[in-house]
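Student:
Number of protein chains: 2
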Amino acid sequence: MTDAGQSPLDRVELDAYFALIEVAGLLRHAVEQQLREQGDLSYVQFQLLALLGLDSPTGSERMTDLADGVVYSRSGLTYQAGLLEKAGLVTRAAAADDERAVLVTITDAGRERIARVLPGHVAVIKDLLLKPLSRAQVETLRSVLEPAREHMRSAPPRSARRRRRKEGDD
Amino acid sequence: MTDAGQSPLDRVELDAYFALIEVAGLLRHAVEQQLREQGDLSYVQFQLLALLGLDSPTGSERMTDLADGVVYSRSGLTYQAGLLEKAGLVTRAAAADDERAVLVTITDAGRERIARVLPGHVAVIKDLLLKPLSRAQVETLRSVLEPAREHMRSAPPRSARRRRRKEGDD
DNA sequence: CCAAGGTGCTTCGAATTCGAAGCACTAGAG
DNA sequence: CTCTAGTGCTTCGAATTCGAAGCACCTTGG
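Quick look at the structure:
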C-alpha cells in the first residue's frame with residue numbers, strides 16, 4: 001500500500017488543490033494583462049525589476065541570485081534579462097570578482113517603469129484577490145501557504161536543480 | 001520599502017500574494033513533470049481527460065464547456081484537443097443538434113491513460129502540498145480560496161473577453 | 001604551473017500559450 | 001425565405017517557456 005492504489009484525495013483536499021491552481025492562474029493572468037498594458041512588461045520582467053528596484057539595496061544582482069527569487073529556469077532568465085536590457089531597463093556586466101558571473105543592474109528607466117506599473121499592479125491584486133477576503137482571511141491564507149511554500153522550496157524540482165555530473169550522474 | 005505612491009499592500013497582503021503565486025507555480029510545475037514522465041501528458045491534457053473521464057457522466061463535452069472547466073483560451077483548447085485526438089485519447093465529432101459545436105469524447109485509451117497517471121498525480125499533491133499541512137489547514141485553505149475563486153470567476157478578464165460566452169453569465 | 005571537475009550563463013530546438021482574425025453554422029426579425 | 005447578428009471553433013503569428021548541451025571561468029589537488 002505504497003501509493004499505487006492509495007486512496008484518492010477527498011473532497012476537501014481536491015477542492016483546496018483546484019481552488020489554489022485556479023485562483024493563482026486567474027490572478028496571474030489578470031496581473032500579466034495589467035503589466036502588459038500599462039508597462040509593456042511580462043510578469044517575469046516585472047518580478048525581476050521589482051527584485052532589483054525594490055528589494056535589492058544596491059540595485060544589482062547576479063543572474064543566479066535572481067533565479068532564486070524568480071521561479072523560472074536559467075535559460076528563461078537569460079531570455080528575459082536580454083529583453084530588459086534591450087529595453088534599457090537594466091544593464092548587464094561581468095562581475096568584478098568572478099568573470100563568469102553577470103551582474104544585472106536596474107537603470108533609472110527601469111525604476112521609472114516599476115513606479116509606473118506598481119499602482120495598477122496593486123489595484124489588480126486588491127480587486128481580484130483581497131477584495132472578497134476579510135483581513136483575517138488574508139492572514140489565514142498567508143499562514144497556511146507559508147508552510148507549503150517552505151516545504152516546496154526545500155524539496156524542489158525547480159530551476160535550481162543541480163546539474164548532473166558530467167556523465168555519471170548521482 | 002515598496003511604496004507605490006498610493007496605498008501599497010501591507011506585509012501580510014504581500015506575503016499572501018507572493019506565497020499564493022509561488023506555491024501554485026511550484027506545485028503546478030511538479031505536477032506537470034509527473035504527468036509528462038508517467039503519462040506523456042501536459043497539464044491541460046490531463047485536465048481535459050479528467051474532466052471527460054471523471055466528471056462528465058457521458059464522457060462527452062462540447063469544446064465550450066470544456067473551456068469553462070479549463071482555464072485556457074479557446075485556441076489553446078483547440079490545440080490540446082487536437083493533440084489528444086492524434087494520440088487516440090479522445091475523438092471529436094460535430095454535435096448532432098448544432099453543426100457548429102464539436103463534441104469531444106474520451107476513448108478507452110483515454111480512460112486508461114487517466115487511470116495510469118492518477119495515482120502519481122495524487123502522490124505529488126499529497127507530498128508537496130498536503131504533507132506539511134494539517135487537516136484543518138487544508139480545510140481552511142479551501143474555505144479561504146473559495147470566495148476568491150468565486151469572485152474571480154464572476155469578474156474575469158478571461159478568455160471570454162471580447163465575445164461573450166454562451167449567454168446569461170453575469 | 002597544469003589537469004580535472006565545478007559553477008555561471010547562454011544558445012538551441014521544441015512545446016505551449018495567447019489574442020485576433022476568419023470560417024461555418026444558427027437564431028431572430030422582416 | 002432572406003438578411004443580419006451572434007455563437008462555436010479553428011487558423012495564424014508572435015511570445016514565452018523549458019531542458020539539454022555547450023562555452024568560459026574558477027577552484028582544487030598534485
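As you go down the protein sequences, you meet chains A and B in turn.
Just so we're aligned, residue 1 is where the first sequence starts under the working numbering, counting upward by one.
Just so we're aligned, residue 1 is where the second sequence starts under the working numbering, counting upward by one.
For glycine and all other residues, C-beta sits at the position ideal for the given N, C-alpha and C.
Predicted model, so just to flag it, every value in this text is computed and none were measured.
Drop a sphere of 10 angstroms on the beta-carbon of G88 of chain B, count the other beta-carbons inside from all chains shown, and report buried for 16 or more, exposed for fewer.
Tutor: exposed
Student: For R149 of chain B, count neighbouring Cβ atoms within 10 angstroms of its own Cβ and tell me buried if that reaches 16, exposed if not.
Tutor: buried
Student: Can you name the residues that DSSP bridges to S60 of chain B?
Tutor: B:T105
Student: To the nearest angstrom, report how far apart R36 of chain B and D98 of chain A are at their CA atoms.
Tutor: 38 angstroms
Student: Cα separation between L130 of chain A and F18 of chain A?
Tutor: Near 19 angstroms, if we compare the C-alpha coordinates of F18 of chain A and L130 of chain A.
Student: Along the chain, where does the alpha helix (DSSP H) that runs through V90 of chain A open and close?
Tutor: V90 of chain A: not part of any alpha helix (DSSP H); member of the beta strand (DSSP E) spanning 90-94, first to last residue.
Student: Nearest by alpha-carbon distance to G69 of chain B: which of B:L52, B:L83, B:T58 is it?
Tutor: B:L52
Student: Which bits of chain A does L51 of chain B rub up against, with CB to CB less than 8 angstroms?
Tutor: Correct list: empty, because the minimum Cβ distance to chain A is about 11 angstroms.
Student: Classify R113 of chain B as buried or exposed, calling it buried when 16 or more other Cβ atoms lie within 10 Å of its own Cβ.
Tutor: buried
Student: So, under 8 angstroms CB-CB, V12 of chain A and E139 of chain B are touching, yes? Tell me the CB distance rounded to an integer number of Å.
Tutor: Sure, about 5 angstroms apart at Cβ, within 8 angstroms.
Student: Counting only Cβ-Cβ distances shorter than 7 angstroms, please list the residues of the stretch 105-136 of chain B near chain A, keeping chain order.
Tutor: P119, V122, A123, I125, L128, L129, L130, K131, P132, L133
Student: Please name the residues in the stretch 5-26 of chain B whose beta-carbon is closer than 7 angstroms to at least one beta-carbon of chain A, in chain order.
Tutor: G5, Q6, P8, L9, V12, E13, D15, A16, Y17, A19, L20, I21, E22, V23, A24, G25, L26
Student: Could you please give the first and the last residue of the uninterrupted alpha helix (DSSP H) stretch that includes K86 of chain A?
Tutor: 74-86
Student: Quick one: list the residues of chain A neighbouring R142 of chain B, beta-carbon separation under 7 angstroms, in chain order.
Tutor: V12, D15, A16, A19
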